[in-house]
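K.L.:
In our numbering, the protein residues as written are 895 to 1353.
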């Protein structure tokens, strides 16, 4: 046995030193200054199983040979990816997924975004593995989420770039928030809030939180709500186009760390569109030819409007209720209906400049009673009606729907009452959480009263 053999992990411990010319960096010009320039590095990324074998040895060796200096400031311990049964992936077991196969079938960005969403603070994550008989390679349905997300961004870019390419009357300077519609101010508020969440997540290496925030921002808030809401008005509103351009450019930059290839390709097309002034409170800076060199977007705290977000959330909740009522009645979403609401709610809806009407496909909102058959909706303690969905009243189907809703509410109320009747919960749980439960119970009781009244009035 050779007495001079060095354990492999001890030689690996020299990696931060030997790669930059140590122990005599001055002898070769290519290594000159590297140790001072790149040590300590910002972060080391590794798995937990070699913390002692490798990470600790690098720290010890560097502190010994470099007068106490550490090789890196932070260490990010990422989870280990296992198969669907919790077993470690390996080639010999045949339960692994080759990243190159996923890049060919889904794309590098789709794979990266999916893995970001799985990179939680837990020690291990599971990736169900399936054999694709057509290609003969292992894959996982989880990567479909990343692929759908990339497709969503592509589709949103087509609409946005198409709208921005048609403008001929752009504002001369940055648009003031006062000149924007409520839905534009809401989108800017949600954008600023999402950016703050993304910044905090990236700083803390919470990549799953970053992926969740990015998904909600693009898919739910930008595509499902904002783009659908502005379709009828954006072509005729220069200020709204400026807001659209600012929000979309911000989203591209916020998504770039996870989707560098897709966002870079979209940026190349977007920058060919005529220049659009920004919106006050959003600092983007010149992106130039490459998105990867663009400044990170910054947002003024004043963009966040909590009151507007709350009122908009109430309107969006109403839209969901109307869509559910259509589905329950078996009516196509393309068929317009009229909403009959109390006068105060009708005024609130009018204040959002057609938001509810567009998203819920309403021909109008009125405080008048319906003249013909209508579907009843319980919106909190309020009773709303939708007319125009059915030619004639189907009392049996409506009674069945209301009875089902009543049973679900009774079950929810019973659960909340039992929770509040438990001293272990009311005395030990945080006061805010207990109060939240009480508020939920009051809301469910009010909703039950409205449903019960509708059921009683049904003939």
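Note that CB positions come from ideal geometry on N, CA and C, so glycine has one too. Here the structure is a predicted model, which is why all the values come from computation and not from measurement.
1) In whole angstroms, what is the alpha-carbon distance linking residue 1031 and residue 1039?
2) According to DSSP, is residue 995 part of a helix, a strand, or is it coil?
3) Can you have a look at residue 1286 and say buried or exposed, based on whether 16 or more other CB atoms are within 10 angstroms of its CB?
4) With a threshold of 16 other CB atoms inside 10 Å of the CB of residue 850, please say whether the residue is buried or exposed.
5) When the Cα atoms are used, what is the spatial distance from residue 952 to residue 1201?
6) Going by the beta-carbon positions, is the gap between residue 1000 and residue 1036 smaller than 8 Å?
7) Do residue 1076 and residue 1172 count as a contact pair if the criterion is CB distance below 8 Å?
8) How long is the line joining the alpha carbons of residue 1194 and residue 1131, rounded to whole angstroms?
9) What are the complete alpha helix (DSSP H) segments, minimum 4 residues, inside the region 1238–1307?
10) Give the list of continuous alpha helix (DSSP H) stretches no shorter than 4 residues that lie fully inside the region 1133–1201.
11) I believe residue 1233 touches residue 1296 by the beta-carbon criterion, under 8 Å. Please report the beta-carbon distance rounded to the nearest angstrom.
12) Going straight from the alpha carbon of residue 982 to that of residue 1307, what length do you get?
13) Whole angstroms are fine: how far does the CA of residue 1192 sit from the CA of residue 1176?
14) From the DSSP output, in three-state form, read off residue 1333 for me.
15) Is residue 964 helix, strand or coil when you go by DSSP?
16) Can you list the beta strand (DSSP E) stretches of 3 or more residues lying completely in the region 1018–1078, in chain order?
17) Start and end of the alpha helix (DSSP H) containing residue 977?
18) Got a sec? Which residues, its chain only, sit under 8 Å from residue 1134 by beta carbon, not counting five neighbours each side?
19) For residue 1345, name the three-state secondary structure that DSSP assigns.
20) Please go through the same chain and pick out, in chain order, the residues whose beta-carbon is closer than 8 Å to the beta-carbon of residue 916, but skip the five residues on each side of it.
21) Which residue comes first and which comes last in the alpha helix (DSSP H) that contains residue 1008?
22) For residue 957, name the three-state secondary structure that DSSP assigns.
23) Going straight from the alpha carbon of residue 918 to that of residue 1048, what length do you get?
24) May I have the straight-line CA-CA distance separating residue 1261 from residue 1239, to the nearest angstrom?
25) Could you name the residues of the same chain whose beta carbon sits closer than 7 Å to that of residue 1340, not counting the 5 residues immediately before and after it, in chain order?
26) Measuring only the C-alpha atoms, how far is residue 967 from residue 1221?
27) Quick one: Cα of residue 1305 to Cα of residue 1189, how far?
28) The alpha helix (DSSP H) with residue 1103 in it runs from where to where?
29) What's the gap between the Cα of residue 964 and the Cα of residue 1081?
30) Answer yes or no: do residue 1198 and residue 1087 have a C-beta to C-beta separation smaller than 8 Å?
31) For residue 984, which residues from the same chain have a beta carbon less than 7 Å from its beta carbon, with the 5 sequence-adjacent residues on both sides left out?
32) Among 956, 901, 943 and 899, whose alpha-carbon lies nearest the alpha-carbon of residue 914?
33) Use the C-beta contact count for residue 992: other C-beta atoms within 10 angstroms, 16 or more gives buried, fewer gives exposed.
34) Return yes when the Cβ of residue 1235 is within less than 8 Å of the Cβ of residue 1269, no when it is not.
35) Whole beta strand (DSSP E) runs in the region 895–942 with 3 or more residues, listed along the chain?
36) Tell me which same chain residues have a C-beta within less than 8 Å of the C-beta of residue 1310, skipping the five on either side of it?
P.N.:
From the atom records:
1) About 19 Å.
2) Helix.
3) Residue placement at residue 1286 cannot be trusted, given a pLDDT of 47 that sits under 50; what the coordinates show is reported in the next sentence. It is exposed - the Cβ of residue 1286 has fewer than 16 other Cβ atoms within 10 Å.
4) Given that the chain is displayed from residue 895 to residue 1353, the structure contains no residue 850 and the question cannot be resolved.
5) Straight-line Cα distance between these residues: approximately 52 Å.
6) Contact: no.
7) In this structure, residue 1076 does not lie closer than 8 Å to residue 1172 by Cβ.
8) The alpha-carbon of residue 1194 is positioned some 24 Å away from that of residue 1131.
9) As for any alpha helix (DSSP H) of minimum length 4 sitting wholly inside the region 1238–1307, the runs are 1249–1254, ordered along the chain.
10) List check, alpha helix (DSSP H) in window: 1154–1164.
11) Not a contact, Cβ separation roughly 18 Å.
12) Roughly 44 Å between the two C-alpha positions.
13) Each residue's Cα considered, the two are about 6 Å apart.
14) Of the three classes helix, strand and coil, the one that applies to residue 1333 here is helix, per DSSP.
15) Annotated three-state conformation of residue 964 is coil, per DSSP.
16) The DSSP assignment places complete beta strand (DSSP E) segments of no fewer than 3 residues inside the region 1018–1078 at 1018–1021, 1024–1026 and 1031–1033, in order along the chain.
17) If you look at residue 977, you'll find it isn't in any alpha helix (DSSP H); it sits in the beta strand (DSSP E) that goes 974–977.
18) Cβ within range, chain order: 1074, 1075, 1078, 1124, 1127 and 1128.
19) Residue 1345 falls in the helix class under three-state DSSP.
20) Excluding sequence neighbours, residue 916 sits near 908, 929 and 959.
21) Per DSSP, the continuous alpha helix (DSSP H) segment holding residue 1008 begins and ends at 1002–1012.
22) In the three-state reduction of the DSSP assignment, residue 957 falls in the helix class, which pools H, G and I.
23) Answer to the nearest angstrom: the Cα atoms are 51 Å apart.
24) In this structure, the CA atom of residue 1261 is about 9 Å from the CA atom of residue 1239.
25) Excluding residues within five positions, the ones whose Cβ falls inside 7 Å are 1274 and 1275.
26) Rounded to the nearest whole angstrom, the CA to CA distance from residue 967 to residue 1221 is 55 Å.
27) Those two C-alpha atoms are separated by around 52 Å.
28) 1101–1109 is the extent of the alpha helix (DSSP H) around residue 1103.
29) If you draw a straight line from the Cα of residue 964 to the Cα of residue 1081, it comes to about 44 Å.
30) Against a cut-off of 8 Å, the Cβ pair of residue 1087 and residue 1198 comes out as a contact.
31) 990.
32) With respect to the C-alpha of residue 914, the residue from 956, 901, 943 and 899 having the closest C-alpha is 956.
33) With fewer than 16 Cβ atoms within 10 Å of its Cβ, residue 992 is classed as exposed.
34) Taking 8 Å as the Cβ cut-off, residue 1269 and residue 1235 do not qualify as a contacting pair.
35) Runs of the beta strand (DSSP E) inside the region 895–942: 935–941.
36) Excluding sequence neighbours, residue 1310 sits near 1331, 1334, 1335 and 1338.
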